[in-house]
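Numbering (the UniProt record's numbering), first residue to last: 1 to 691.
Just below is one structure, and these are the notes that go with it.
Here it is, written out as structure tokens:
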């Protein structure tokens, strides 16, 4: 959709005729959502936007501005009404006594708003990240209250410290005194480290200057402090875990000389994130912490959906972590004020359609036909074969529904617009399932008659199904598909008649990770209640997500997710919502809202869960794109020319971010548009040339 938005810009003066061919009845892929019972929002999973998603936010800001909705008639007329800050986050750790305890953090507003133009031509530098990391350690040390009452650390304020020689002299003095084990000495050492990173010329390699002994002794002192903490000081333990991890990152960046390596952070993508941190001295306690697990949970970084096999390319993790914590704007996270389909894909659809983009729904790509070109030119796409999933009464399908003034996608196709619609509905045709074999016909597009260029925007797991000829003609594409791993995910949503305080959650509205499997991530989505149409008194909404192991067959996966969710509510949710448990191992099922049932005949017990929503994302196009070690250099960029008239788009491509998220997808779409039109300029894609 990003590529369609870019190619249909008025500035192109109609140079491109754009047609989007879409499987099923709605846009969005993994980000598609629909409206179900009581106009409730039903998502593929939990979608949060990070404050560093500058390309994605810039796209939506421009889209809403062009859409120019009337705020008197539409409840979400501007991008600021579509997104709201979500500054409170939590990670969960298990205590030595086996109890789960959340650590809740409030992140202050970041400067500016996501999507604002960059403040400099080169906003990202390895040295800049190192300085910010050292300053963060200083702040964490101060927050740890290291000093006895009345003691004040003496920061190195001498003017001599403004140059490299002065810094080296001060570091030498501090090392000679041997005071880094003392609280004030440790703080002074980290402040000196920060000064050194700002003032030294080329960053030194191990053994080249006294900076390395300083960093080694600071790291050793922090690990000693961490090991001395007793179990009844969990907050202090977490502070020291973060200090240990940040110092480890500083050491690792400098040891690998990433500031000078032309590959940037990609130089360490053959390492796993935990493996890389461990190799640079991180404490095992830190590596087992909720912070590290939370990073893996955030990007579903478990091979084959197996949580005992965490696998995340270190360079991708490092880049994402630094961008996440040091470059966010407005808020660390932003939540959407309706479904992702409502907030993102409906506006994009409306703007693109206004511009003349054509949409062909109910088209499932069956085969990409490739032929060799004459005179040793690149092979090209000569045909596209689609399964026609349904035929329409009218020339065009109208996909949106109005929910109290907001254009939305329904959870089911509008069968009244389809030929033989009642029969298709009664027979249960699944338009979004890769395993649905029933079709209404077939359609073949031919080069020159129906298209000139192709943007392949399907998931990487779907390419072997419809792109066999692409793989036959390109060893590079074969390697990409062999190494481009994905994971199935599972999700469920609850609507409840008690608020979070009544359920026993004492903290603000939260996004939480690092919890127990099979659902390690939870988000409090209470803000969506006014956007839905409940007749009952719904007071809270909760979304849960995690990976789904590749063990169940596609047909049994939904039943597996249902069983996982019921067991999770009975056995685990009490750690977060103690008042949701009637007795050990027994969830209070009566708190689930049950719209559309006779109050005298509502389901009881576990059967009440069937009134909620759950999903197994096992279709190839729904699977999450992983960034496993050793795979990133096999990714294909939209700028790569392997076929004469084909480019690609998706979060599985090489974008400069290389992780499964909306920002990567938007960056890929921008790159695909550039490949076809030379617009936007590459320097306008924020983070494309990130270290």
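Cβ atoms here follow ideal geometry from the backbone N, Cα and C, with glycine treated the same way.
Backbone CA spacing between residue i and residue j [nearest angstrom]
i, j, result
"residue 160", "residue 253", "Note that residue 160 scores 45 on pLDDT, short of 50, meaning its location in the model is unreliable and no value can be drawn from it."
"residue 676", "residue 306", "39 Å"
"residue 349", "residue 7", "14 Å"
"residue 175", "residue 181", "11 Å"
"residue 661", "residue 168", "43 Å"
"residue 666", "residue 490", "24 Å"
"residue 48", "residue 524", "12 Å"
"residue 408", "residue 43", "12 Å"
"residue 278", "residue 583", "41 Å"
"residue 449", "residue 11", "26 Å"
"residue 285", "residue 512", "20 Å"
"residue 372", "residue 337", "49 Å"
"residue 425", "residue 32", "20 Å"
"residue 233", "residue 212", "31 Å"
"residue 612", "residue 352", "34 Å"
"residue 650", "residue 395", "29 Å"
"residue 55", "residue 683", "12 Å"
"residue 496", "residue 536", "10 Å"
"residue 529", "residue 109", "25 Å"
Residue i, buried or exposed, once every other Cβ within 10 Å from all chains shown has been counted against 16
i, result
"residue 631", "buried"
"residue 617", "buried"
"residue 339", "buried"
"residue 658", "buried"
"residue 98", "exposed"
"residue 19", "exposed"
"residue 327", "buried"
"residue 143", "exposed"
"residue 363", "buried"
"residue 473", "buried"
"residue 619", "buried"
"residue 506", "exposed"
"residue 30", "buried"
"residue 678", "exposed"
"residue 647", "buried"
Three-way DSSP call (helix, strand, coil) for residue i in this model
i, result
"residue 272", "strand"
"residue 296", "helix"
"residue 394", "coil"
"residue 686", "coil"
"residue 23", "coil"
"residue 609", "helix"
"residue 2", "helix"
"residue 641", "coil"
"residue 546", "strand"
"residue 50", "strand"
"residue 601", "helix"
"residue 345", "helix"
"residue 158", "Its pLDDT being 47, under 50, residue 158 is placed unreliably in this model, and the coordinates cannot settle the point."
"residue 443", "strand"
"residue 695", "The structure shown does not extend to residue 695, since the chain is modelled only from 1 through 691, so no value can be given for it."
"residue 153", "Residue placement at residue 153 is poorly supported in this model, since its pLDDT is 49, which falls under 50; the coordinates still yield a value, given next. It is coil, neither helix nor strand."
"residue 308", "coil"
"residue 422", "helix"
"residue 407", "strand"
Given residue i as reference, the closest of the options once Cα atoms are compared
i, options, result
"residue 265", "520, 313, 243, 279", "313"
"residue 61", "41, 82, 46", "82"
"residue 259", "534, 131, 271, 526", "131"
"residue 200", "543, 166, 346", "166"
"residue 421", "485, 439, 567", "439"
"residue 465", "378, 529, 621", "621"
"residue 332", "22, 518, 112", "112"
"residue 292", "560, 93, 543, 602", "93"
"residue 195", "127, 36, 45", "127"
Residue i, enclosing alpha helix (DSSP H) - first and last residue
i, result
"residue 66", "54-67"
"residue 317", "314-326"
"residue 695", "No information on residue 695 is available, as it lies outside the stretch 1 to 691 that the chain covers here."
"residue 8", "First-last for residue 8: undefined, no H or E at that position."
"residue 674", "662-677"
Endpoints, beta strand (DSSP E) assigned at residue i
i, result
"residue 363", "363-371"
"residue 336", "333-336"
"residue 496", "486-496"
"residue 42", "41-43"
"residue 466", "Careful: residue 466 lies outside any beta strand (DSSP E), inside the alpha helix (DSSP H) at 463-466."
"residue 523", "521-524"
"residue 551", "Here residue 551 belongs to no beta strand (DSSP E), and DSSP marks it neither H nor E."
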